[in-house]
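Okay, so the sequence shown: first residue is 20 according to the working numbering, each after it adds one.
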Amino acid sequence: MAKRDYYEVLGITRTATEIEITKAYRGLAKKYHPDQNPGDDEVVAKYHEVTEAYEVLKDGNRKQIYDRYGHDGLAQAAAGGGGGGGVDLGDLLGQVFGDFLGGGGGGRRRARGPRRGEDIEDVLDIDLLEAATGTKKTVSIRYEANCKECNGSGAKAGTQPVQCKRCKGSGAEYVSAGGLFSFPQACRGCSGRGTVIPDPCKACRGAGRAEVRESLDLNIPPGVDTRIRLSVPGHGHEGGPGATRGNLELIIRVREHKIFERDGHNLICQFPVSFARAALGGPVELTTLTGEKVTIEVPRGAQTHTTVLRAVGQGMPDLDDPRRKGDLLVILVVETPTALSPEQEQLLRKLAELEGTTPPMPRKGFFGKLKDLITGDVPPTEQKN
Numbered sequence: 020m021a022k023r024d025y026y027e028v029l030g031i032t033r034t035a036t037e038i039e040i041t042k043a044y045r046g047l048a049k050k051y052h053p054d055q056n057p058g059d060d061e062v063v064a065k066y067h068e069v070t071e072a073y074e075v076l077k078d079g080n081r082k083q084i085y086d087r088y089g090h091d092g093l094a095q096a097a098a099g100g101g102g103g104g105g106v107d108l109g110d111l112l113g114q115v116f117g118d119f120l121g122g123g124g125g126g127r128r129r130a131r132g133p134r135r136g137e138d139i140e141d142v143l144d145i146d147l148l149e150a151a152t153g154t155k156k157t158v159s160i161r162y163e164a165n166c167k168e169c170n171g172s173g174a175k176a177g178t179q180p181v182q183c184k185r186c187k188g189s190g191a192e193y194v195s196a197g198g199l200f201s202f203p204q205a206c207r208g209c210s211g212r213g214t215v216i217p218d219p220c221k222a223c224r225g226a227g228r229a230e231v232r233e234s235l236d237l238n239i240p241p242g243v244d245t246r247i248r249l250s251v252p253g254h255g256h257e258g259g260p261g262a263t264r265g266n267l268e269l270i271i272r273v274r275e276h277k278i279f280e281r282d283g284h285n286l287i288c289q290f291p292v293s294f295a296r297a298a299l300g301g302p303v304e305l306t307t308l309t310g311e312k313v314t315i316e317v318p319r320g321a322q323t324h325t326t327v328l329r330a331v332g333q334g335m336p337d338l339d340d341p342r343r344k345g346d347l348l349v350i351l352v353v354e355t356p357t358a359l360s361p362e363q364e365q366l367l368r369k370l371a372e373l374e375g376t377t378p379p380m381p382r383k384g385f386f387g388k389l390k391d392l393i394t395g396d397v398p399p400t401e402q403k404n
């Protein structure tokens with residue numbers, strides 16, 4: 020079974036601080052601790068998963084390796100440190116910083132295969148309806164490709180990069196720390212490449228790279244949600260000559276809808292009903308997110324925000340199995356009429372009398388009250404003792 024992303028395990032972003040990483044770990048470790056969940060093997064497995072993620076992300080070096088190369092990079096770094104030979108610092112730093120240092124010490128440069136191209140991350144905004152039904156989107160990206168004029172070498176056609184004299188091709192120079200230790204850093208003569216370009220390519224000015232625009236037509240499956248990642252293999256940056264391209268990693272972001280709110284696989288909406296319908300109950304028709312007409316039954320005595328009805332199967336589809344759908348939860352909002360016809364007012368007054376409530380008479384304006392004072396027709400509640 021493939022390992023989950025460590026950031027996903029802890030429920031944090033890749034920009035999380037050490038404090039945020041530790042805080043997330045402590046909360047989850049307490050929740051899944053074996054002492055709190057005796058006999059629950061699934062919870063214990065989650066505890067070990069959370070602990071493993073924290074052990075990596077709290078360690079600066081291991082975190083750098085994981086951020087750049089993922090689980091495979093950590094496995095290779097661990098394998099490199101195994102056995103009795105110890106860890107090659109040049110190899111370890113090479114895994115962290117790419118070909119930054121070019122290999123081990125002593126001017127020795129290790130042969131490496133062409134490095135796969137970097138991935139491209141981008142955000143794709145879609146509507147809630149598109150997330151429910153699936154959609155087609157055209158995405159424009161920019162990726163780095165090897166310069167066609169020099170095939171990525173950076174050198175003018177007919178010439179080649181030459182070995183850096185400062186580091187003798189290692190890409191690193193060693194700096195003394197207090198006279199006891201020395202540590203490698205990128206060679207200042209070649210910026211860690213191990214080679215220099217005496218006669219650079221005019222097309223790319225010695226960079227060996229060029230920016231290319233590309234448009235892709237993509238099918239977005241139904242059921243996607245915000246923060247879901249869709250991988251498009253082979254549409255990232257190009258690697259070195261002969262290497263494969265990286266991937267395009269699209270992070271979905273679903274826009275808010277003005278009527279429907281998403282809650283996992285369910286949808287939630289508010290639906291207005293008349294005072295009479297709320298009191299008497301009965302069927303009402305509503306329109307779903309996808310435009311389908313459905314009928315739901317309002318119970319007698321429905322109340323605002325406390326009566327919730329369920330339209331089964333009218334929610335969001337499951338990303339793994341679109342045939343499975345959540346429900347539409349309908350929160351009723353009882354509307355009190357603001358303007359009544361004479362007949363409606365008469366009926367409501369009759370209802371108030373039946374309930375034993377004396378309905379108030381319409382309020383009089385200033386001139387009406389003045390007339391009552393002149394004629395002596397003052398209501399009892401307004402007479403002074």
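We treat Cβ as the ideally placed atom computed from N, Cα and C, and that holds for glycine.
Q: Leaving aside the five residues before and after Cys186 along the sequence, list all residues of the same chain whose C-beta is less than 6 Å from its C-beta, in chain order.
A: Here residue 186 refers to the residue found at position 167 of the sequence shown. For Cys186, where only same-chain residues beyond five positions count, the Cβ hits under 6 Å are Glu192 and Cys206.
**Q.** Minimum length 3: unbroken beta strand (DSSP E) runs contained in the region 214 to 270
**A.** 228 to 239 and 248 to 251
Q: Give the C-beta separation of Glu354 and Pro291 to the nearest angstrom, bearing in mind that I take them to be a contact with Cβ-Cβ under 8 Å.
A: Reading the sequence shown from its first residue, position 335 is the one you call residue 354. Reading the sequence shown from its first residue, position 272 is the one you call residue 291. Their Cβ separation, rounded to whole angstroms, is 5 Å, which keeps Glu354 and Pro291 in contact under 8 Å.
Q. So, Leu148 versus Leu308, is the Cβ gap smaller than 8 Å?
A. Within the sequence shown, the letter at position 129 stands for residue 148. Within the sequence shown, the letter at position 289 stands for residue 308. Yes, Cβ-Cβ distance for Leu148 and Leu308 is below 8 Å.
Q) Between the Cα of Thr154 and the Cα atoms of Tyr88, Gln182 and Pro241, which residue gives the shortest distance? A) Taking the sequence shown and counting its residues from 1, the one referred to as residue 154 is at position 135. Closest by C-alpha distance to Thr154, out of Tyr88, Gln182 and Pro241, is Pro241.
Q. Run through DSSP, which three-state label would Ile139 get?
A. By one-based count along the sequence shown, residue 139 stands at place 120. Looking at Ile139 - three-state DSSP - the assignment turns out to be strand.
**Q.** Residues of its chain near Asp138, where Cβ-Cβ distance is below 8 Å and the 5 sequence neighbours each way are ignored
**A.** Within the sequence shown, numbered from 1, the residue matching residue 138 stands at position 119. So the qualifying residues of the chain are Gly255, His256, Gly265, Asn266, Leu267 and Glu268.
Q. Would you call the CB atoms of Lys167 and Lys221 closer than 8 Å?
A. Taking the first residue of the sequence shown as position 1, residue 167 is located at position 148. Taking the first residue of the sequence shown as position 1, residue 221 is located at position 202. Not in contact: Lys167 and Lys221 (Cβ atoms no closer than 8 Å).
Q) At a cut-off of 7 Å, is Arg185 close to the ligand MG when judged by its beta-carbon and the heavy atoms of the ligand? A) Questions concerning the ligand MG fall outside what the structure shown contains, since it holds no ligand whatsoever.
Q: Inspect the beta-carbon positions of Leu286 and Gly345 and report whether they are closer than 8 Å.
A: On the sequence shown, position 267 is the one that residue 286 refers to. On the sequence shown, position 326 is the one that residue 345 refers to. In contact: Leu286 and Gly345 (Cβ atoms closer than 8 Å).
Q) Using 8 Å as the threshold, is the region 324 to 343 in touch with the region 354 to 369, meaning 3 or more CB pairs across them? A) no
Q | Meets three-Cβ-pair contact criterion under 8 Å: the region 272 to 282 and the region 154 to 164 | A | no
Q: Would you mind sorting Ile239 into buried or exposed? The rule is 16 or more other CB atoms within 10 Å of its CB.
A: For the purposes of this step, residue 239 is taken as the residue at position 220 of the sequence shown. Classification of Ile239: buried, given that the 10 Å Cβ count is 16 or more.
Q. When burial is assigned at 16 or more other CB atoms within 10 Å of the CB, is Gly190 buried or exposed?
A. Residue mapping note: residue 190 aligns to position 171 of the sequence shown, counting from 1. Buried, since its Cβ has 16 or more Cβ neighbours within 10 Å.
**Q.** Boundaries (first-last residue) of the beta strand (DSSP E) holding Pro302
**A.** Counting from one through the sequence shown, the residue named residue 302 turns up at place 283. That run of the beta strand (DSSP E) goes Gly301 to Thr306.
Q) Does the beta-carbon distance from Ala48 to Thr32 come in below 8 Å? A) Counted from its first residue, the sequence shown places residue 48 at position 29. Counted from its first residue, the sequence shown places residue 32 at position 13. Going by C-beta atoms, Ala48 is not nearer than 8 Å to Thr32.
Q.
Out of Gln289, Arg319, Thr36 and Val313, which one is the CA nearest neighbour of Leu299?
A. Reading the sequence shown from its first residue, position 280 is the one you call residue 299. That would be Arg319, whose Cα lies nearest to the Cα of Leu299.
(Q) My assumption, with CB atoms under 8 Å, is that Asp236 sits in contact with Thr157. Please give the rounded CB distance. (A) In the sequence shown, the residue the question calls residue 236 occupies position 217. In the sequence shown, the residue the question calls residue 157 occupies position 138. Contact holds; Cβ gap of about 5 Å.
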